[in-house]
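Residue 796 in the numbering used here sits at position 3 of the sequence shown; the count goes up by one each step and never skips.
Inspection log for the structure reproduced underneath, given as structure tokens.
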Amino acid sequence: MADPKHFLDINLVDAGDLRTIIDDGIAVKQARLGTPKGTIDPDAPLKGHALAAIFEFPSTRTRVSFDMAMRQLGGDTIVLNSNDMQLGRGESIADTARVLSRYVDAIMIRTDDHDKLQELAEFATVPVINGLTNDSHPCQLMADVMTFEEHRGPIKDKVLTWSGDGNNMVTSYIHAAGQFGFELRIACPEELSPDPRALKWAENVGANVHVSRDATEAVTGAHCVITDTWVSMGDDAANRHNLLSPYQVDEKLMAGADANAIFMHCLPAHREEEATTGVMDGPQSVIFDEAENRLHAQKAILRWCLGAS
Ligand code: CP
Ligand code: NVA
């Protein structure tokens, strides 16, 4: 039996396959324009398929977009809170993976520890999808790349600036910079620098990734400015607001970017912390297109994982 096609991290998927997924996401979105959201796709490529979606952390976008993606593709989702599973009482990840693989066709998991995701993938005989860990958030990156390209054309050689915490989103942005060929400038406090393993990966593959302490300099001429919450799930909030306040994305910072720059944020946001309401609701913001694109990008990811593209 062939190895299942997992979607664990952007740097672990072939760059050509990533391009196929983005193009498929845009195509499936276009094909459904004007269609009521509950309508099953006419060719129902995932009819007879089921997804188990495991959540060890809260979620709005990931939960609803995966479920709706499966419904629109003709399949089903079983949403599982780990506290309601034997996993929450100490059953091993490995045994959970083996058992779920006997029932469902794919597993999505949102968890704290990236090792749990990797163990699930090691023991599952069906595709496993990373729905966010403390280390990375690759599904969100696929929606972000799709959103950028819908608004500003090919992302290759464009300049994207991150201002804020060097968190799990940043790791996936670093991977995406290498795989899609854009320049990534990361402005963050030294104490909240990106994962050194991701930076090492970027260096090894020759990705155009730079880390600095100066948000104003980093946004100069950027085609996109991105930020995220200052306190991620699982973080200790202590001192983060003091460290991160110089990295807030406000109207003044946006004015230093390219005149046509867009603003992205994966949401959920804490308005007036990492970004002002003026920026979030302003003319450069594409945050709700970005949220919508989770649905379309994930349909393409599911189709890729299940060989239904
Ligand atoms: N962006 C994102 O993953 O949102 P949720 O936490 O609501 O799933
Ligand atoms: N960095 C955030 C992303 C939420 C979608 C977190 O991990 O909480």
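Think of the CB as a built atom: it goes at the ideal place given N, C-alpha and C, for glycine as much as any other residue.
From a predicted model like this one, the values you see are computed outputs, not experimental measurements.
Which value, in whole angstroms, describes the spacing of the CA atoms of I948 and N804? 17 Å
Which residue comes first and which comes last in the alpha helix (DSSP H) that contains R1087? 1080-1098
Got a list of residues with beta-carbon closer than 5 Å to any non-hydrogen atom of the ligand CP, in chain order? S852, T853, R854, T855, C1059
Please report the distance separating the alpha-carbon of P920 from that of Q972. 21 Å
Give the straight-line distance between the Cα atoms of E1044 and T870, rounded to the nearest whole angstrom. 41 Å
Within 8 Å, do at least three Cβ pairs link the stretch 1048-1060 to the stretch 820-832? no
With DSSP as the reference, label I932 as helix, strand or coil. Reading off the sequence shown, one finds Cys at residue 932, where the question assumed Ile. Of the three classes helix, strand and coil, the one that applies to C932 here is helix, per DSSP.
In terms of alpha-carbon separation, which member of A1048, H1058, E1065, G881 lies closest to S1038? When A1048, H1058, E1065, G881 are compared, the shortest CA-CA separation from S1038 is found for E1065.
Backbone CA spacing between F800 and L873 [nearest angstrom]: 19 Å
Which residues in the same chain have their Cβ closer than 8 Å to the Cβ of R891, if we skip the five residues on either side of it in sequence? F916, A917, T918
Proximity to S965 [Cα-Cα], best of G924, D950, K951, S1005: G924
Selected residue, minimal CA-CA separation from E983, among I967, I833, I819, R1006: R1006
Any heavy atom of the ligand NVA inside 7 Å of the beta-carbon of M962? Placement of the Cβ of M962 at a distance of less than 7 Å from at least one heavy atom of the ligand NVA is found.
Does the Cβ-Cβ distance between M901 and I886 come in under 8 Å? I886 is positioned such that its CB atom lies no closer than 8 Å to that of M901.
Does the distance from the CB of S761 to the CB of A1011 come in under 8 Å? Because the chain spans 794 through 1102 in this model, residue 761 falls outside it and cannot be assessed.
DSSP state of S885, grouped into three classes? In the structure shown, S885 falls within a coil segment according to DSSP collapsed to helix, strand and coil.
Using a 10 Å radius around the Cβ and a threshold of 16 neighbouring Cβ atoms, would you call P987 buried or exposed? Burial of P987 is indicated by the presence of at least 16 other C-beta atoms within 10 angstroms of its C-beta.
Under a Cβ-count criterion, where at least 16 other Cβ atoms within 10 Å of its own Cβ denotes burial, should N841 be classed as buried or exposed? The sequence given here has Gly at residue 841, not Asn. The residue in question, G841, is exposed, as its Cβ has fewer than 16 Cβ neighbours within 10 Å.
Please return the same chain residues whose Cβ sits closer than 7 Å to the Cβ of K1131, not counting the five positions on each side in sequence. No information on residue 1131 is available, as it lies outside the stretch 794 to 1102 that the chain covers here.
Using the Cα positions of P1061 and A795, report the straight-line distance between them to the nearest angstrom. 38 Å
Is any heavy atom in the ligand NVA found nearer than 7 Å to the beta carbon of D1021? yes
Which whole runs of the beta strand (DSSP E) in the stretch 1001-1067 are 3 residues long or more, in chain order? 1002-1005, 1017-1020, 1055-1058
Bridge partners of V872, per DSSP? A846
Given a threshold of 16 other Cβ atoms within 10 Å of its Cβ, counted over all protein chains shown, does A1030 qualify as buried or as exposed? Around the Cβ of A1030, a 10 Å sphere holds fewer than 16 other Cβ atoms; the residue is exposed.
Determine the direct distance from the alpha carbon of G881 to that of S875, and round the result to whole angstroms. Answer to the nearest angstrom: the Cα atoms are 5 Å apart.
Run of the alpha helix (DSSP H) containing R864, from where it starts to where it stops: 854-865
Just verifying my parser: in three-state terms, what is the DSSP assignment at R825? coil
Anticipated Cβ contact below 8 Å, A1090 with M935, distance rounded: 4 Å
Measure the alpha-carbon distance for A969 versus W994 and round it to whole angstroms. 11 Å
Would you tell me roughly how many angstroms separate the C-alpha atoms of E1085 and K798, rounded to the nearest one? 25 Å
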